[in-house]
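S.K.: Quick note: the sequence shown uses this note's numbering, first residue 149, plus one each step. Just so it is clear, CB atoms sit at the ideal spot from N, CA and C, and this is done for glycine as well. Source: prediction; values computed, not measured.
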Amino acid sequence: MKRKDLDQNLQIKEAGDNQQVENQPGASEPSSAPPPGQKERRFRQTDLPAHFIERRKHPRISTEPPPPAAPPRLEDYASIIGRPELDEIRFLARHLRSKTVKMVNSTAVGGGVAEILNRLIPLMNELEIPTKWEVITGGNDFYEVTKGFHNALHGGEYNLTKTIQEIFMSYNEQNRQRMEFVEDLFVIHDPQPAGLVRSKSDTRGRWIWRCHIDLSNPHPGVWDFLKPMVEQYDAAIFSAPAFTRQLSIPQYLFYPSIDPLSEKNKELEESYINKVCDDFGIDRSRPVITQISRFDRLKDPVGVIEAYKLVKKYVDCQLVLAGGGATDDPEGAVVLQEVMDAAGDDPDVIILNLPPWSALEINALQRASTIIVQKSLKEGFGLTVTEGLWKEKPVVAGAVGGIPTQVIHKLTGVLVHSVEGCAYQIRYLLTHPEFAVQLGKNGKEHAKENFLITVNLKRWLLLFQIMLGMARPSKTI
Ligand code: UDP
């Protein structure tokens, strides 16, 4: 897609702090006080006000995970990517038939990695490449440490003590003793299980470290601790060129991906979208601004509320902040409380703490949104951005991590650097709907070309061939 494709008339001014767009077409006065009985729209899954529950027309969301939907077959993607692309995937997989793969990460639910593995692994198995997914286990002390590492690798302050190193290594060692390593290929995701590579010398397989986070500016102590482990692998994969470090092993670039046929991304009936909005107290007759994210400070949910408050002075809109805790994220509850406090008693800020089996509801919320926001301060790739692009939504997102790969400023979305910039861009899009529509169209095309699971699957097949000596390596694929 070319920048010139975009109608020049739709180009927007640079965002500036506190710039105002009063009198823009589409803008309206701020809302007056909510009607009686609507004061408590804001709620959490676990502590809905009693009168809110009474007002609800339907049960909101199941308290138990529903039975998993049958994963799509490769053939089902033909209508989206076309037959030649499918044939290419099948051709590449032929040589890998009966080669075995083990993928390991640190959580089965919540977060982007689990999201990708849930879809990728059934497709590999369908291609007759037997692929297993294992999740490491650990106590709260381990997850405290790995969360600290996560923040430190994104550049945060950290005090890496001997005890912390021992906690990290001892849980890696426990998992290593518990697991069997008999496959041809091992793919270890992110730093948490990186120490499993100590088993490499006992195996005949090839070991790949798949790093989903931005290592461009890591805490030096934490990176010095991890780097010798990483360099024992046969290759490392990063999500963007800027995320990489100097390493003695080959490095490859893989964009993460979404599955257009998953519950999270498939097309939905309008009636279902309306029902979800109804259940959650969202008024579809007014603009809906949504950020879907774990309650994590790096996702800046409080900054999103501040931006919304600036917009709300001029445009009557609602803010939906929907998230849930990944099982490897101990900070979630604290951040959720901060978010609740920042929202105060504004009934147009709807905070949803969703269970991990809410893919359909998240899909509906994204589709019901006028604008998708992802105002991260640090980010890996940002699958929520990909999901927004795929749904043809105008996306307003922080210019961090892998987001600029997805959001090409003013072409497939808009990038922001501050609360004020975020508020300005939201106001601009709310008052310039044709521009918003054009961004959405461009965004979908960009996602289709680069960030669908079928593109990702093809990359894995090529890399496996390289790792097993069936194809010539190159610096990046
Ligand atoms: N997600 C979810 N429930 C939530 C919050 C997020 O299912 O409550 C999903 C979201 O739709 C996306 C993924 O989790 O598919 C988050 O991936 P992303 O790369 O945006 O962020 P991460 O959580 O991995 O940092």
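State yes or no: is the C-beta of Pro339 within less than 8 Å of the C-beta of Phe297?
M.R.: Residue mapping note: residue 339 aligns to position 191 of the sequence shown, counting from 1. Residue mapping note: residue 297 aligns to position 149 of the sequence shown, counting from 1. Against a cut-off of 8 Å, the Cβ pair of Phe297 and Pro339 comes out as a contact.
S.K.: Could you tell me whether the Cβ atoms of Val603 and Glu509 are closer together than 8 Å?
M.R.: Numbered from its first residue, the sequence shown carries residue 603 at position 455. Numbered from its first residue, the sequence shown carries residue 509 at position 361. Not in contact: Val603 and Glu509 (Cβ atoms no closer than 8 Å).
S.K.: Taking 7 Å as the line, does the beta carbon of Leu502 fall inside it for any heavy atom of the ligand UDP?
M.R.: On the sequence shown, position 354 is the one that residue 502 refers to. Checking the Cβ of Leu502 against the ligand UDP gives yes.
S.K.: Flag Leu513 as yes when its Cβ comes closer than 7 Å to any non-hydrogen atom of the ligand UDP, and as no otherwise.
M.R.: Start at 1 with the first residue of the sequence shown, and residue 513 comes out as number 365. No; taking the cut-off as 7 Å, the Cβ of Leu513 has no heavy atom of the ligand UDP nearer than that.
S.K.: Whose C-alpha, out of Asn266, Val345, Lys461, Leu234, is nearest the C-alpha of Pro219?
M.R.: The sequence position of residue 219 within the sequence shown is 71, counting from 1. Taking only the C-alpha atoms, the option nearest Pro219 is Asn266.
S.K.: Could you check whether the segment 441-452 touches the segment 483-502, counting it as contact only if at least three pairs of C-beta atoms, one from each stretch, sit closer than 8 Å?
M.R.: The segment 441-452, when compared against the segment 483-502, does touch it at the 8 Å Cβ threshold.
S.K.: Pairs of beta-carbons, one from the segment 592-606 and one from the segment 318-337, closer than 8 Å: are there three or more?
M.R.: They do not touch, by the three-pair rule.
S.K.: Using the three-state DSSP reduction, which class does Ala181 fall into: helix, strand or coil?
M.R.: Position 33 of the sequence shown, counting from 1, holds the residue named residue 181. The predicted position of Ala181 is uncertain, since its pLDDT is 38 and thus under 50; a value taken from the coordinates is nonetheless stated next. Coil, per DSSP.
S.K.: Mind checking who Leu308 pairs with in its DSSP beta bridge?
M.R.: In the sequence shown, the residue the question calls residue 308 occupies position 160. Beta-bridge pairing links Leu308 to no other residue.
S.K.: Which residues does DSSP pair with Val468 in a beta bridge?
M.R.: Walking along the sequence shown from the start, residue 468 turns up at place 320. Partner(s): Thr438, Ile498.
S.K.: Return the CA-CA distance between Gly550 and Gly260, expressed in angstroms with no decimal places.
M.R.: Numbered from 1 along the sequence shown, position 402 holds the residue referred to as residue 550. Numbered from 1 along the sequence shown, position 112 holds the residue referred to as residue 260. The alpha-carbon atoms of Gly550 and Gly260 are separated by roughly 13 Å.
S.K.: With distance defined between alpha-carbon atoms, name the residue in His557, Ser566, Pro503, Glu568 nearest to Glu212.
M.R.: As a working note, residue 212 is residue 64 in the sequence shown. Here the closest residue by C-alpha is Pro503.
S.K.: Between the Cα of Val482 and the Cα atoms of Val450, Leu467, Val335, Pro270, which residue gives the shortest distance?
M.R.: Within the sequence shown, residue 482 is the residue found at index 334, counting from 1. For the residues Val450, Leu467, Val335, Pro270, the minimum Cα distance to Val482 belongs to Val450.
S.K.: Have a look at Thr285, Trp281, Phe316, Leu374 and flag the residue whose alpha-carbon is nearest the alpha-carbon of Val335.
M.R.: The residue you call residue 335 lines up with position 187 of the sequence shown. Checked all of Thr285, Trp281, Phe316, Leu374; the closest Cα to Val335 is Trp281.
S.K.: Nearest-angstrom Cα distance between His360 and Asn320?
M.R.: As a first step, residue 360 must be located in the sequence shown, where it is residue number 212. As a first step, residue 320 must be located in the sequence shown, where it is residue number 172. Answer to the nearest angstrom: the Cα atoms are 19 Å apart.
S.K.: Is the beta carbon of Arg620 less than 8 Å from the beta carbon of Phe402?
M.R.: If you number the sequence shown from 1, residue 620 lands on position 472. If you number the sequence shown from 1, residue 402 lands on position 254. In this structure, Phe402 does not lie closer than 8 Å to Arg620 by Cβ.
S.K.: For Tyr465 and Gln439, I'd like the C-alpha separation in whole angstroms.
M.R.: By one-based count along the sequence shown, residue 465 stands at place 317. By one-based count along the sequence shown, residue 439 stands at place 291. Note that residue 465 corresponds to Cys in the displayed sequence, not to Tyr. Between Cys465 and Gln439, the C-alpha separation is close to 14 Å.
S.K.: Could you give the DSSP three-state label for Phe143: helix, strand or coil?
M.R.: Here the chain has residues from 149 to 625 only, and residue 143 is not among them.
S.K.: Quick one: Cα of Lys250 to Cα of Ser433, how far?
M.R.: Counting from one through the sequence shown, the residue named residue 250 turns up at place 102. Counting from one through the sequence shown, the residue named residue 433 turns up at place 285. Roughly 48 Å separates the two Cα atoms.
S.K.: Quick one: using the 10 Å Cβ neighbour count with 16 as the cut-off for buried, is Met615 buried or exposed?
M.R.: Your numbering for residue 615 matches position 467 in the sequence shown. Buried, by the Cβ-count rule.
S.K.: Hey, Lys592 and Leu531 are a contact pair by Cβ (cut 8 Å); roughly how many whole angstroms apart?
M.R.: Taking the first residue of the sequence shown as position 1, residue 592 is located at position 444. Taking the first residue of the sequence shown as position 1, residue 531 is located at position 383. Contact doesn't hold; Cβ gap of about 15 Å is too wide.
S.K.: Compute the Euclidean distance between the alpha carbons of Leu559 and His580, then round it to the nearest angstrom.
M.R.: Translated into the one-based positions of the sequence shown, residue 559 becomes position 411. Translated into the one-based positions of the sequence shown, residue 580 becomes position 432. Taking the straight line joining both Cα atoms gives about 14 Å.
S.K.: Helix or strand or just coil, what does DSSP make of Gly546?
M.R.: Counted from its first residue, the sequence shown places residue 546 at position 398. In the structure shown, Gly546 sits in a strand (DSSP, three-state: E or B).
S.K.: Once DSSP output is grouped into helix, strand and coil, what is the label at Tyr462?
M.R.: Taking the sequence shown and counting its residues from 1, the one referred to as residue 462 is at position 314. Three-state DSSP puts Tyr462 in coil, outside helix and strand.
S.K.: Given Ser410, which residues of its chain have a CB within under 7 Å of its CB, disregarding the five upstream and five downstream residues?
M.R.: Counting from one through the sequence shown, the residue named residue 410 turns up at place 262. If we look at Ser410 and ignore the five residues flanking it on each side, its Cβ neighbours are Arg267, Ala507.
S.K.: Does at least one heavy atom of the ligand UDP sit under 7 Å from the Cβ of Phe529?
M.R.: Taking the sequence shown and counting its residues from 1, one reaches residue 529 at position 381. Checking the Cβ of Phe529 against the ligand UDP gives yes.
S.K.: In whole angstroms, give me the CA-to-CA distance for Tyr306 and Ile312.
M.R.: Position 158 of the sequence shown, counted from the start, is the residue given in the question as residue 306. Position 164 of the sequence shown, counted from the start, is the residue given in the question as residue 312. The straight-line gap from Cα to Cα measures roughly 11 Å.
S.K.: Tell me which residue opens and which closes the alpha helix (DSSP H) that Gln586 is part of.
M.R.: One-based indexing of the sequence shown puts residue 586 at position 438. Unbroken alpha helix (DSSP H) run through Gln586: 581-598.
S.K.: For His298, name the three-state secondary structure that DSSP assigns.
M.R.: As a working note, residue 298 is residue 150 in the sequence shown. His298 falls in the helix class under three-state DSSP.
S.K.: Measure from the alpha carbon of Thr518 to the alpha carbon of each residue in Val585, Cys570, Phe529, then state which is nearest.
M.R.: Start at 1 with the first residue of the sequence shown, and residue 518 comes out as number 370. Of Val585, Cys570, Phe529, the residue nearest in Cα terms is Val585.
S.K.: For Phe316, count neighbouring Cβ atoms within 10 angstroms of its own Cβ and tell me buried if that reaches 16, exposed if not.
M.R.: Here residue 316 refers to the residue found at position 168 of the sequence shown. Buried: at least 16 other Cβ atoms inside 10 Å.
S.K.: In the DSSP assignment, find the unbroken alpha helix (DSSP H) run with Gln514 in it and report its ends.
M.R.: If you number the sequence shown from 1, residue 514 lands on position 366. Residues 507-516.
S.K.: Using only the heavy atoms of the ligand UDP, determine whether one of them is closer than 7 Å to the beta carbon of Ile499.
M.R.: Along the sequence shown, one-based indexing puts residue 499 at 351. Not under cutoff, so the answer is no.
S.K.: Cα separation between Glu276 and Ala241?
M.R.: Here the question's residue 276 lines up with position 128 in the sequence shown. Here the question's residue 241 lines up with position 93 in the sequence shown. Answer to the nearest angstrom: the Cα atoms are 8 Å apart.
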